[in-house]
Amino acid sequence: MARSRCGQPTLRPMECVNEAEAAVLIALLHARPRKMSWSAIASEVALRGSATALWDECFPPTLEGVNDLDGHLARAWESLEAWRSEDFKLLTVLDGGYPSRLREIHQVPPIVFVRGQLRDDEVAVSVVGSRRASDRGRAVAARIAEGLVDRGIAVLSGLAEGIDAAAHTATLKAGGRPIGVIGTGINRSYPAGNRTLQAEVAKRGAVVSQFWPDAPPQKHSFPMRNATMSGLGRASIVVEAGEHSGARIQARLAVEHGRPVILTDMVVGATTWARDLLTRPGVYLANSTAELMDLVDQLTQTAAGVDDWSNVLPDLVDH
Numbered sequence: 001m002a003r004s005r006c007g008q009p010t011l012r013p014m015e016c017v018n019e020a021e022a023a024v025l026i027a028l029l030h031a032r033p034r035k036m037s038w039s040a041i042a043s044e045v046a047l048r049g050s051a052t053a054l055w056d057e058c059f060p061p062t063l064e065g066v067n068d069l070d071g072h073l074a075r076a077w078e079s080l081e082a083w084r085s086e087d088f089k090l091l092t093v094l095d096g097g098y099p100s101r102l103r104e105i106h107q108v109p110p111i112v113f114v115r116g117q118l119r120d121d122e123v124a125v126s127v128v129g130s131r132r133a134s135d136r137g138r139a140v141a142a143r144i145a146e147g148l149v150d151r152g153i154a155v156l157s158g159l160a161e162g163i164d165a166a167a168h169t170a171t172l173k174a175g176g177r178p179i180g181v182i183g184t185g186i187n188r189s190y191p192a193g194n195r196t197l198q199a200e201v202a203k204r205g206a207v208v209s210q211f212w213p214d215a216p217p218q219k220h221s222f223p224m225r226n227a228t229m230s231g232l233g234r235a236s237i238v239v240e241a242g243e244h245s246g247a248r249i250q251a252r253l254a255v256e257h258g259r260p261v262i263l264t265d266m267v268v269g270a271t272t273w274a275r276d277l278l279t280r281p282g283v284y285l286a287n288s289t290a291e292l293m294d295l296v297d298q299l300t301q302t303a304a305g306v307d308d309w310s311n312v313l314p315d316l317v318d319h
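In structure tokens:
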């Protein structure tokens, strides 16, 4: 295989340094020096502005060939080459096109794969809730999604059953832009029954994954997905959820990220965690869809340049 000026295999046209840095970052994620988490690797790489700098610190030249380091790098280049033929885009934390809002959260994903078009300048709001949603919950999620579409807001959700599927389906029917953030690799669909819905979301909006393209669903991947969804959105709306729902994780992470959280009366009435969360700044109760959309209007009207909403909005509804 031909070699480029930076000593790496020559691939189809791309910025040499970006391609090289992407390969080293992928190798770091496989090698996990010092047993670092992926988000820790992302933070350290972003701090240095270079994956190569972190690699050289963790694996000085005297360690070359130890623990299959060369193998990690070779496989990283092979992965990049293989992904060339796929219909998704890889964005690393070093890329200019990486979602700017994800850089603001604690659990920064080092990489994201995107199928479709992810627009960094658009306002998006998460609509999340239980997989085992009631008829009322699905209907409320649909009305909320329609209201967001009417306002030109992209609708974020997780492409799961229940509330997620209702929000995505309503967004598509209303002609809006859906964004699905999934807990598997981008070449997988979970549940499998949502494969057609996922394809339509990618066609009309975007599907985003922070995992290897063929990664199966795992217990830890869904909380990680919730953190990413919270980071991408201007706010998180929890429609309906149980005591142990993944939506609870997203709501708490959104508060940590300085993003507003809107809870419906359904979730507040049904769970202790939602009632406890209402005592936190930036968390709001909506007793009706109309009340909820009024709150969304307040959020999005002042969206530009605001990163922490906890001291911006008045208490628009009584807690």
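In this note's numbering, the protein residues as written are 1 to 319. Cβ coordinates follow ideal geometry from the N, Cα and C atoms, glycine included.
- By the 16-neighbour rule on beta-carbons within 10 angstroms, G71 is exposed.
- Residue environment: R225 is assigned as buried (16 or more neighbouring CB atoms within 10 Å of its CB, all protein chains considered).
- In the structure shown, the three-state DSSP call for S221 is helix.
- CA-to-CA, the gap between D214 and G180 works out to about 17 Å.
- Per DSSP, A23 is one residue of the alpha helix (DSSP H) stretching across C16 to A31.
- Residues T184 and P217 of the same chain have their beta carbon placed closer than 6 Å to that of Y190, with the five preceding and five following residues left out of the count.
- Under a 10 Å Cβ-count criterion, R195 is classified as exposed, with fewer than 16 other Cβ atoms of the shown protein chains found around its own Cβ.
- Taking C-beta atoms as the reference points, V108 and A46 count as a pair closer than 8 Å.
- Residue pairing by DSSP places F113 opposite L90 and S209 in a beta bridge.
- As DSSP reads the structure, G176 sits in no beta bridge.
- Looking at N187, R177, S209 and A192, the one whose alpha-carbon comes closest to that of V201 is R177.
- The stretch 269–276 makes no contact with the stretch 126–143: fewer than 3 CB pairs, one atom from each, lie closer than 8 Å.
- Counting along the chain, the unbroken alpha helix (DSSP H) around V45 starts and ends at W38 to R48.
- Contact check between the stretch 281–295 and the stretch 251–263: three or more CB pairs, one atom from each, fall below 8 Å, which counts as touching.
- Taking a 10 Å sphere around the C-beta of Q301, we find fewer than 16 other C-beta atoms and assign the residue as exposed.
- Boundaries cannot be given for T271, as no beta strand (DSSP E) includes it and DSSP labels it neither H nor E.
- Rounded to whole angstroms, the Cβ separation of A141 and A166 is 4 Å, and the two are in contact under 8 Å.
- Secondary structure at L278: coil, using DSSP grouped into helix, strand and coil.
- Assigned with DSSP and collapsed to three states, S157 falls in strand.
- The C-alpha of S236 is placed about 12 Å away from the C-alpha of E256.
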